[in-house]
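First up is the structure itself, then whatever we jot down about it.
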Amino acid sequence: MNINRRTLLALALATGLTAPTLSVAQADSIKIGVLATFEGAFAVLGEDSERGALTAIDEFGGKVAGKDIELIKGSSDASPDSAVRAARKLVEQDGVKVLIGPLSGDEGIAVKDYAKTQPDVTFLNGSSAAQDTTLRNPAENFFRFSTDGAQWMAGLGNYAFNEKGYHKVATVAEDYSFPYTQVFGFMAEFCKAGGTVPSKSWVPIGNKDYSSVIAAIPDDVDAIYVALGGADAVNFLSQYNDAGGQAPLIGGSITVDQTVLTAKGRLHDVLVGTPAAGPTADTNDSQAWKDFSAAYKKQDGAFPSPSLFAHAYYINMKAALLALQEVNGDLSDGGKKFREVLSKLEFETPTGKVSLDENRNAIADMFLTEVSEADDGTLVNKLIKVTPQVNQTLGIPKDEFLALGAVSRENPSCP
Amino acid sequence: MTDLTLTPAASRTASQGWIEKVGIGHILLAFFLLIYPVMASDFFLTQIGGYSLVLGMIALSLMLLAGYGGMVSLAQITVAGAAGYVVAIFGENNSGVYGFGWPWWIYGPLAIMIASLMSALIGWIAVRTEGIYTIMITLAVATACFYFAQQNYALFNGFPGYNGLRAPDVFGLYWRDPVPFYYLCLANAVVAYIAVLYGARSTFGLTLQAIRDNPRRMRAIGFNVTAHKVFAWWLAGLIAGAAGILLVWFNGRISPGTIAVGPSINILVIAIIGGLRHPIGPFIGAVIVTLMQTFAIDIIGAERFNTLIGLVFLLIVFVSPDGILGLWERLKPQAGRDDWRSFKKAANKAEKKGRNA
Numbered sequence: 402m403n404i405n406r407r408t409l410l411a412l413a414l415a416t417g418l419t420a421p422t423l424s425v426a427q428a429d430s431i432k433i434g435v436l437a438t439f440e441g442a443f444a445v446l447g448e449d450s451e452r453g454a455l456t457a458i459d460e461f462g463g464k465v466a467g468k469d470i471e472l473i474k475g476s477s478d479a480s481p482d483s484a485v486r487a488a489r490k491l492v493e494q495d496g497v498k499v500l501i502g503p504l505s506g507d508e509g510i511a512v513k514d515y516a517k518t519q520p521d522v523t524f525l526n527g528s529s530a531a532q533d534t535t536l537r538n539p540a541e542n543f544f545r546f547s548t549d550g551a552q553w554m555a556g557l558g559n560y561a562f563n564e565k566g567y568h569k570v571a572t573v574a575e576d577y578s579f580p581y582t583q584v585f586g587f588m589a590e591f592c593k594a595g596g597t598v599p600s601k602s603w604v605p606i607g608n609k610d611y612s613s614v615i616a617a618i619p620d621d622v623d624a625i626y627v628a629l630g631g632a633d634a635v636n637f638l639s640q641y642n643d644a645g646g647q648a649p650l651i652g653g654s655i656t657v658d659q660t661v662l663t664a665k666g667r668l669h670d671v672l673v674g675t676p677a678a679g680p681t682a683d684t685n686d687s688q689a690w691k692d693f694s695a696a697y698k699k700q701d702g703a704f705p706s707p708s709l710f711a712h713a714y715y716i717n718m719k720a721a722l723l724a725l726q727e728v729n730g731d732l733s734d735g736g737k738k739f740r741e742v743l744s745k746l747e748f749e750t751p752t753g754k755v756s757l758d759e760n761r762n763a764i765a766d767m768f769l770t771e772v773s774e775a776d777d778g779t780l781v782n783k784l785i786k787v788t789p790q791v792n793q794t795l796g797i798p799k800d801e802f803l804a805l806g807a808v809s810r811e812n813p814s815c816p
Numbered sequence: 056m057t058d059l060t061l062t063p064a065a066s067r068t069a070s071q072g073w074i075e076k077v078g079i080g081h082i083l084l085a086f087f088l089l090i091y092p093v094m095a096s097d098f099f100l101t102q103i104g105g106y107s108l109v110l111g112m113i114a115l116s117l118m119l120l121a122g123y124g125g126m127v128s129l130a131q132i133t134v135a136g137a138a139g140y141v142v143a144i145f146g147e148n149n150s151g152v153y154g155f156g157w158p159w160w161i162y163g164p165l166a167i168m169i170a171s172l173m174s175a176l177i178g179w180i181a182v183r184t185e186g187i188y189t190i191m192i193t194l195a196v197a198t199a200c201f202y203f204a205q206q207n208y209a210l211f212n213g214f215p216g217y218n219g220l221r222a223p224d225v226f227g228l229y230w231r232d233p234v235p236f237y238y239l240c241l242a243n244a245v246v247a248y249i250a251v252l253y254g255a256r257s258t259f260g261l262t263l264q265a266i267r268d269n270p271r272r273m274r275a276i277g278f279n280v281t282a283h284k285v286f287a288w289w290l291a292g293l294i295a296g297a298a299g300i301l302l303v304w305f306n307g308r309i310s311p312g313t314i315a316v317g318p319s320i321n322i323l324v325i326a327i328i329g330g331l332r333h334p335i336g337p338f339i340g341a342v343i344v345t346l347m348q349t350f351a352i353d354i355i356g357a358e359r360f361n362t363l364i365g366l367v368f369l370l371i372v373f374v375s376p377d378g379i380l381g382l383w384e385r386l387k388p389q390a391g392r393d394d395w396r397s398f399k400k401a402a403n404k405a406e407k408k409g410r411n412a
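Residue numbers (the working numbering), protein chains in the order written: chain R, 402 to 816; chain G, 56 to 412.
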């Protein structure tokens with residue numbers, strides 16, 4: 402029977418539960434939410450994606466249409482649930498009308514589903530690259546100015562078959578929608594060229610022990626296609642090396658990304674000569690890329706060269722800012738005008754021209770690369786070839802492409 | 056507020072009014088929770104209010120086991136997840152795998168039943184152990200279930216899990232709309248809370264606490280210790296299962312990430328932060344943890360917000376090993392020591408007397 406404790410309880414609950422919107426909106430600022438993986442296995446990638454987004458904002462001097470840009474960050478751990486929770490917080494609590502993100506494949510699909518329930522908010526993809534984020538059942542207010550994982554693979558299958566002479570390839574990839582999309586993009590070309598893929602291994606994200614996977618790779622394959630990211634790639638590659646694996650590697654887009662190439666250790670020698678493809682190439686010597694790279698390096702803790710996550714967040718953030726400028730920062734109509742401008746937007750990026758298709762997915766140039774050693778001893782992706790203006794259906798007519806079926810563990814198959 | 060409700064005198068004396076019986080603390084709290092939707096934004100209503108109640112219910116099932124049965128379980132989120140997967144498989148989803156489209160009044164009870172049976176099964180395995188070994192074995196079960204769900208595509212649809220789970224429309228209301236969902240969670244949480252509160256004073260509850268304190272003696276005087284413990288697990292499973300259904304309606308999806316080791320430890324943190332002594336503890340813990348996890352990123356930025364969360368939890372446990380409830384215990388004036396502790400003593404005394412008689 403004492404008032405003290407009851408008062409305490411009431412106070413604690415009342416202050417905690419009814420606190421009104423914490424961030425006070427300034428009249429002359431535009432809130433943009435950035436959703437990335439600042440925790441979990443992809444935390445390093447998440448931090449680099451933030452650098453990309455900041456690079457775009459710096460390019461605009463921190464202002465768009467005369468208003469200050471207010472950046473609000475949300476964090477996920479690469480699981481779809483956490484991405485939706487973070488997106489909800491940014492949209493429903495912080496009141497952002499433009500949201501850039503998320504980073505990883507299945508997160509993108511989940512956020513797209515969430516976007517359908519928030520028609521007045523405009524979602525621009527971060528770097529998530531699952532095919533079905535935009536291909537099947539897309540959301541009207543979800544835009545992807547970065548491309549998907551199958552597009553990223555453009556040119557790699559043919560290069561591996563024709564130039565490298567690999568005819569039989571095993572794949573090792575993480576078990577979720579982005580690597581499915583990457584394997585799909587690689588096999589679409591590789592199988593068409595005449596190659597076979599007798600074995601596909603799918604490993605969980607964050608896997609530490611690859612001995613059973615390595616044992617299951619057939620001995621007679623010409624090469625191994627590896628689509629693993631961050632710590633997973635480093636773990637697999639070093640364990641494969643330790644196990645005496647000799648087969649050359651073919652890299653997925655994030656396997657030989659800067660986040661992996663900067664890893665210390667013996668991997669250095671193993672990785673040299675690995676072909677890969679993706680939306681960026683470190684040794685791209687176009688002026689636009691050099692400028693971007695220099696601007697990126699001004700951010701805290703930047704890698705020697707922007708990772709494709711930094712690149713994707715940069716592109717999407719820049720698209721948002723360009724469109725905001727065109728509508729003069731006016732989102733009062735629920736962002737309708739803004740989205741109209743976005744869907745027609747076409748602009749020059751550090752990696753060439755980008756435009757959108759009718760599903761609001763980007764059409765852009767792709768880069769075929771090979772890992773090589775730069776003069777200062779760091780590893781970079783050397784540009785081999787540019788595949789211009791790759792669309793989401795990889796040049797195949799759309800109905801034919803849809804008939805190939807959704808990407809999955811089993812699809813495609815050419816044993 | 057705990058002092059009033061648990062005072063044995065209050066529940067025994069029929070001459071006292073109902074206000075005294077229920078306790079002023081409870082009435083104030085109930086009033087606040089009922090009018091909460093008037094003050095709170097939609098975000099605070101569901102993302103903080105509803106979510107805290109759901110997490111609180113799952114932690115409550117842990118509190119029931121740990122507080123009254125002395126069995127700390129790390130598998131409560133797994134039990135909730137089992138109910139969630141049943142909803143995904145037998146209800147509707149848009150992942151193109153299963154989704155039989157059964158009505159909610161069939162899959163709901165089915166989900167709770169399967170979850171409670173699973174809980175009983177985990178309990179049946181775990182009751183042979185004690186203390187840290189119970190934690191270990193339930194952690195093992197939780198981890199195994201997580202990896203199984205993540206790699207099994209036939210039943211659990213692997214890493215992406217199930218998307219597009221919709222709460223039902225009943226009585227012309229869509230139950231995922233902020234206000235109905237909040238009241239739905241509140242109603243469930245209140246039922247669970249009252250059930251645990253009163254269950255603890257029932258014959259079974261007292262027996263369970265006696266088993267916690269001295270299983271050998273209870274066995275010697277003829278109680279089936281294992282059966283009582285497993286039954287407690289089954290009851291905890293009912294609460295966790297109901298919360299699991301609310302959780303998937305809340306998220307609109309379920310994936311192995313929901314039942315991973317992180318979330319399962321999260322539930323333990325909630326229960327410990329709140330306090331294991333009284334069923335209100337898990338709910339207090341859930342509110343604190345939800346607020347911290349939602350807003351820490353605004354306080355300290357994206358790079359180190361998990362450190363801040365960790366430090367706050369550390370601070371709470373450091374200052375008061377019994378969680379927030381223990382903190383209040385210490386803060387309040389001595390005159391008011393008419394609380395659960397004296398109740399427990401009184402109960403122990405009564406028990407001893409009964410035994411002596």
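The C-beta atom is built at its ideal place from N, Cα and C for all residues, glycine as well.
Length of the line joining the Cα atoms of residue i and residue j
i, j, result
"VAL303/G", "GLU774/R", "49 Å"
"PHE286/G", "ILE177/G", "11 Å"
"ASP610/R", "GLY330/G", "38 Å"
"PRO599/R", "THR133/G", "36 Å"
"GLY381/G", "ILE371/G", "10 Å"
"ALA466/R", "SER430/R", "10 Å"
"ALA326/G", "TYR123/G", "13 Å"
"GLU811/R", "SER578/R", "12 Å"
"SER483/R", "ALA351/G", "15 Å"
"PHE214/G", "VAL573/R", "16 Å"
"GLU801/R", "VAL742/R", "30 Å"
"ASN782/R", "THR794/R", "25 Å"
"LYS799/R", "GLN532/R", "13 Å"
"LEU252/G", "VAL245/G", "10 Å"
Interface residues of chain R facing residue i [CB-CB closer than 8 Å]
i, result
"GLU358/G", "PHE439 and GLU448"
"PRO334/G", "None at all; the shortest Cβ gap to chain R is about 14 Å."
"PRO215/G", "PRO481, ASP507, ILE510, TYR577 and SER578"
Nearest candidate by alpha-carbon position, reference residue i, set the options
i, options, result
"GLU564/R", "PHE524/R, ALA711/R, ILE618/R and PHE591/R", "PHE591/R"
"PHE748/R", "ILE716/R, GLY702/R and GLU759/R", "ILE716/R"
"ILE785/R", "ALA488/R, GLY674/R and GLY467/R", "GLY674/R"
"LEU746/R", "ALA724/R, ASP734/R, GLU759/R and ASP482/R", "ALA724/R"
"GLY139/G", "LEU129/G, GLY151/G, PHE98/G and VAL109/G", "VAL109/G"
"ASP701/R", "GLU811/R, LYS691/R, VAL445/R and GLY796/R", "VAL445/R"
"ALA617/R", "GLY631/R, ALA644/R and GLY607/R", "ALA644/R"
"GLU575/R", "VAL604/R, HIS568/R and LEU795/R", "VAL604/R"
"ALA516/R", "ARG489/R, ALA530/R, ASP507/R and ASP495/R", "ARG489/R"
Cβ of residue i within 9 Å of any chain A Cβ
i, result
"PRO481/R", "As a matter of chain content, chain A is missing from the structure shown, whose protein chains are R and G."
Bridge-paired residues (DSSP) for residue i
i, result
"SER476/R", "ALA437/R"
"MET381/R", "Residue 381/R lies beyond the range of chain R shown here (402 to 816); nothing can be said about it."
"PHE748/R", "VAL755/R"
"PRO144/G", "Looking at the sequence shown, residue 144/G is not Pro but Ile. Beta-bridge pairing links ILE144/G to no other residue."
"GLU471/R", "LYS432/R"
Partner residues on chain R for residue i, Cβ-Cβ distance less than 9 Å
i, result
"ARG385/G", "Chain R residues near ARG385/G: none, gap ~11 Å exceeds 9 Å."
Partner residues on chain R for residue i, Cβ-Cβ distance less than 7 Å
i, result
"ARG221/G", "The premise fails here: ARG221/G is roughly 11 Å from chain R at the closest Cβ pair, so nothing lies under 7 Å."
"SER310/G", "SER480, PRO481 and ASP482"
Under 8 Å from the C-beta of residue i: neighbouring residues of chain G
i, result
"LYS490/R", "PHE98, GLN102 and THR349"
Residue i: contacting residues in chain G (beta-carbon distance under 9 Å)
i, result
"ARG537/R", "Under the 9 Å cutoff, chain G gives no residues; its nearest Cβ is about 10 Å from ARG537/R."
According to a CB-to-CB cut-off of less than 9 Å, which residues of the segment 96 to 110 of chain G neighbour chain R?
-> Across the segment 96 to 110 of chain G, CB contacts with chain R closer than 9 Å involve SER96, ASP97, PHE98, PHE99, THR101, GLN102, ILE103, GLY104, TYR106 and SER107, in sequence order along the chain.
Contacting positions in the segment 577 to 595 of chain R - beta carbon closer than 8 Å to chain G = Per Cβ criterion, the list reads TYR577 and SER578.
For the segment 614 to 646 of chain R, enumerate the residues whose C-beta is nearer than 8 Å to any C-beta of chain G, in chain order.
-> The residues in question: there are none.
What are the residues of the segment 452 to 485 of chain R that lie near chain G, defined by any Cβ-Cβ distance shorter than 9 Å?
-> Of all residues in the segment 452 to 485 of chain R, only ILE473, LYS474, GLY475, SER476, ASP478, ALA479, SER480, PRO481, ASP482, SER483 and VAL485 come within less than 9 Å of chain G when Cβ atoms are compared, listed by chain position.
When Cβ atoms are compared, which residues of the segment 281 to 306 of chain G fall closer than 7 Å to chain R?
-> Listed by position along the chain: ASN306.
Closer than 9 Å, Cβ to Cβ, to anything on chain R: give me those residues from the segment 174 to 208 of chain G, in chain order.
-> Taking 9 Å as the cut-off between beta carbons, the residues of the segment 174 to 208 of chain G near chain R are TYR202, GLN205, GLN206 and TYR208, in sequence order.
Could you run through the segment 312 to 325 of chain G and flag, in chain order, every residue whose CB is less than 8 Å away from some CB of chain R?
-> Result list: GLY312, THR313, ALA315 and GLY317.
Pull out every residue of the segment 243 to 264 of chain G whose Cβ sits closer than 8 Å to any Cβ of chain R, in chain order.
-> Listed by position, the residues of the segment 243 to 264 of chain G near chain R (Cβ gap below 8 Å) amount to none.
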